[in-house]
Amino acid sequence: MAVGQVSFHRHDKVKRVHVAARENPIVNRLNKTKVERDVDHEEEKANRLREEAVQRRAEAAAKRKAELEQHKRQVEDKQARSYDHAWANAEASTSRAGAGAGAGDDDEDFWGENATIEPTDDGRMKEFEDFI
Numbered sequence: 002m003a004v005g006q007v008s009f010h011r012h013d014k015v016k017r018v019h020v021a022a023r024e025n026p027i028v029n030r031l032n033k034t035k036v037e038r039d040v041d042h043e044e045e046k047a048n049r050l051r052e053e054a055v056q057r058r059a060e061a062a063a064k065r066k067a068e069l070e071q072h073k074r075q076v077e078d079k080q081a082r083s084y085d086h087a088w089a090n091a092e093a094s095t096s097r098a099g100a101g102a103g104a105g106d107d108d109e110d111f112w113g114e115n116a117t118i119e120p121t122d123d124g125r126m127k128e129f130e131d132f133i
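Using the working numbering, the letters of the sequence shown map in sequence onto residues 2 to 133.
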């Protein structure tokens with residue numbers, strides 16, 4: 002069977018119409034619009050498959066790019082919600098970190114220069130210790 006040839010699976014299902022007389026004006030009009038071309042089905046199929054492959058590759062690249070952008074956004078959101086960077090320098094600034102020259106500076110900033118410390122009542126302190 003030739004490439005592009007049409008055949009029928011069941012010949013008994015084929016309907017044929019008998020034309021009693023040929024009508025030339027109708028046939029002439031049909032012949033004026035008739036287009037004949039040589040079709041290479043194998044080449045058309047190869048071209049179609051090539052175009053589909055290019056389209057699939059472009060879609061896959063767009064999908065990969067979207068996934069990378071989404072992953073990047075997720076990582077940035079995770080870093081924004083993380084407290085890791087908030088505590089990175091916190092230990093260096095505490096007054097308990099060392100007994101150097103600036104160990105009590107944070108307390109002075111909090112209380113101010115004119116703050117006074119009231120003496121504690123030893124009786125109340127004893128009750129508090131018993132309570133704990």
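Beta carbons: idealized from backbone N, C-alpha and C, even for Gly.
With residue i and residue j assumed to form a contact (beta carbons below 8 Å), what rounded beta-carbon distance in angstroms separates them?
| i | j | result |
| --- | --- | --- |
| valine 7 | histidine 42 | Not a contact, Cβ separation roughly 12 Å. |
| phenylalanine 9 | valine 15 | 5 Å |
Using only the alpha-carbon positions, how far apart do residue i and residue j sit?
| i | j | result |
| --- | --- | --- |
| glutamate 45 | alanine 61 | 24 Å |
| valine 76 | asparagine 48 | 42 Å |
| glutamate 68 | histidine 86 | 26 Å |
| arginine 11 | methionine 2 | 16 Å |
| glutamine 71 | serine 83 | 18 Å |
| lysine 64 | leucine 50 | 21 Å |
| arginine 58 | proline 26 | 52 Å |
| phenylalanine 129 | arginine 74 | 52 Å |
| aspartate 131 | arginine 125 | 10 Å |
| alanine 98 | aspartate 78 | In this prediction, alanine 98 has a pLDDT of 49, which is less than 50 and means its spatial position is unreliable; what the coordinates show is noted afterwards. For alanine 98 and aspartate 78, the distance between alpha carbons rounds to 32 Å. |
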